[in-house]
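One structure is given here, and the rest of the page talks about it.
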Ligand SMILES: [Zn+2]
């Protein structure tokens, strides 16, 4: 009797679960396209959190700023729900890029190795933004009910039903297991052609020559892109002869569109900074000859293009790497001319750390917005510890726990801090206020 009852109860629970799964899937068809901008951002945030936990990402204010500026050039001509774009930098020398709902664009370091012109990078980014704008991920979830899209579906469902529920943690767990399989975000051939067409229009409207985009795909097809295997990209973006012949008439002979030369110069400088050959022979030769003192070569460039913020930041970085304090002075000067520029502020913070000027680094850190990249928080924590600033230390410990999906532990941590005597009252109050503010923001985002 007991056994039967137990079995029956288990069976009922099982049925209930099945039913709720069915309900979730039913909700999809009606609600997916109706996702609000905030819900999309939430999906993007959760997805990024999972991705950061497993993939090799890196924190680089210079590359991040550059990629974001290219994306911002394109975004007014992309059908996005919001202009707020998050860039994930992946520490992988293979050629690859991806996009996720909520304007998350992932960019492999390898793009700066294999590509040789900024128009080519613009082409890849336009293609990715087109996937986002055309709702391709959502359409994939609906059209093919395969394993990978169901994983994404479970995150979406969890967000729609109850953003802080246990379903969300389950969804995250499932997602994290399959997230890195490259097929997870693959699109259909039709969607690829559509992303090409929409991407090409986006480039033209943004005054970027689309020939660069054709170049990339032509090279991808020919397998002639350097020594790095482009296989990963082709797996997630199936390339066919049809795609290329569809792209060709739309992209070649577009000489009337001239991309501003500055963007490509910046592209070349980033390549050089990563130790890759560029189209600037003078810089390449100089860097080869002065491997231990590259700042000399950056100075030559800086003399010609002293009003370029990215270049002066790279020049300052090379000075700081050679323990030359004038790098700090250059960044301070740039910050005066460009107040609130995140790239300069972040780079200056890194510079202060290099010179062990932790309290100055902390001051800048307090002005920087929170970054999704956990490496940013690791830097923040170590700075706070070095500067012996207990509030920051506590705040970033809280953020670490929160961002790694341990919301409960984060709350418990704050409770513990508030009880602990080693923190002064002001710190306790500030932390409590910060915690409340954070929970409110998270609440509002749902
Ligand atoms: Zn694609």
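Residue numbers (the working numbering): -19 to 426.
We put the beta carbon where it would ideally sit given N, CA and C, even for glycine.
None of the values given here were measured: they were computed from a predicted structure.
Distance between residue 93 and residue 213 (C-alpha atoms, nearest Å): For the purposes of this step, residue 213 is taken as residue 233 along the chain shown, with counting starting at 1. For the purposes of this step, residue 93 is taken as residue 113 along the chain shown, with counting starting at 1. Between the C-alpha atoms of residue 213 and residue 93 there is a straight-line separation of about 14 Å.
Proximity below 8 Å, CB of residue 178 to CB of residue 279: Numbered from 1 along the chain shown, position 198 holds the residue referred to as residue 178. Numbered from 1 along the chain shown, position 299 holds the residue referred to as residue 279. The answer is no: Cβ separation not under 8 Å.
Exposure of residue 333, with buried meaning 16 or more beta-carbon neighbours within 10 Å: Locating residue 333 in the chain shown gives position 353, where the first residue counts as 1. Buried, because 16 or more other Cβ atoms sit within 10 Å of the Cβ of residue 333.
Nearest-angstrom beta carbon gap, residue 84 and residue 77 [assumed within contact, 8 Å]: Looking up residue 77 in the chain shown gives position 97. Looking up residue 84 in the chain shown gives position 104. Not quite, the Cβ-Cβ distance comes to about 11 Å (not below 8 Å), so this is no contact.
Selection from 26, 41, 24, 394 that minimises the alpha carbon distance to residue 324: As a working mapping, residue 324 is identified with position 344 in the chain shown. Cα-wise, what sits closest to residue 324 is 41.
Near ligand 1: residue 431 beta-carbon under 7 Å from a heavy atom: Outside the displayed span of the chain (-19 to 426) sits residue 431, for which this structure offers no information.
Distance, residue 300 Cα to residue 329 Cα: Mapped onto the chain shown, residue 329 falls at position 349. Mapped onto the chain shown, residue 300 falls at position 320. Spanning the two alpha carbons is a distance of roughly 12 Å.
Buried/exposed call for residue 239, threshold 16 Cβ in 10 Å: Looking up residue 239 in the chain shown gives position 259. Counting the other CB atoms within 10 Å of its CB gives residue 239 a total of 16 or more, which places it among the buried residues.
Residue 321 to residue 315 span [Cα, whole Å]: In the chain shown, counting from the first residue as 1, residue 321 sits at position 341. In the chain shown, counting from the first residue as 1, residue 315 sits at position 335. Rounded to the nearest whole angstrom, the C-alpha separation of residue 321 and residue 315 is 7 Å.
Residue 89 vs residue 69 beta-carbon contact at 8 Å: Counted from its first residue, the chain shown places residue 89 at position 109. Counted from its first residue, the chain shown places residue 69 at position 89. Closer than 8 Å, so yes.
CB contact flag (residue 250, residue 43, <8 Å): Locating residue 250 in the chain shown gives position 270, counting from the first residue. Locating residue 43 in the chain shown gives position 63, counting from the first residue. Their beta carbons are under 8 Å apart, which means residue 250 touches residue 43 by this criterion.
DSSP beta-bridge partners of residue 77: Along the chain shown, one-based indexing puts residue 77 at 97. Partner(s): 87.
Contacts around residue 201, its chain only, beta-carbon distance under 7 Å, and the 5 residues preceding and following it disregarded: Locating residue 201 in the chain shown gives position 221, where the first residue counts as 1. Non-local beta-carbon contacts of residue 201 in its own chain, meaning distances under 7 Å to residues more than five positions away in sequence, involve 219, 224 in chain order.
Span of the beta strand (DSSP E) around residue 185: In the chain shown, counting from the first residue as 1, residue 185 sits at position 205. Not the beta strand (DSSP E): residue 185 falls in the alpha helix (DSSP H), residues 169 to 185.
Residues near residue 437 in its chain [Cβ-Cβ closer than 7 Å; skip 5 each side]: Past the edges of the chain, shown from -19 to 426, lies residue 437, and the structure says nothing about it.
Cβ-heavy atom distance, residue 301 to ligand 1, below 7 Å: Here residue 301 refers to the residue found at position 321 of the chain shown. No, ligand 1 has no heavy atom inside 7 Å of this Cβ.
Three-state secondary structure (DSSP) of residue 16: Against the chain shown, residue 16 aligns to sequence position 36. In the structure shown, residue 16 sits in coil (DSSP, three-state: anything other than H, G, I, E or B).
Rounded separation between residue 413 and residue 363 - CA only: Position 433 of the chain shown, counted from the first residue, corresponds to residue 413. Position 383 of the chain shown, counted from the first residue, corresponds to residue 363. So the two alpha carbons sit approximately 22 Å from each other.
The stretch 168 to 188 / the stretch 97 to 116 touching (three or more Cβ pairs under 8 Å): Short answer: they touch.
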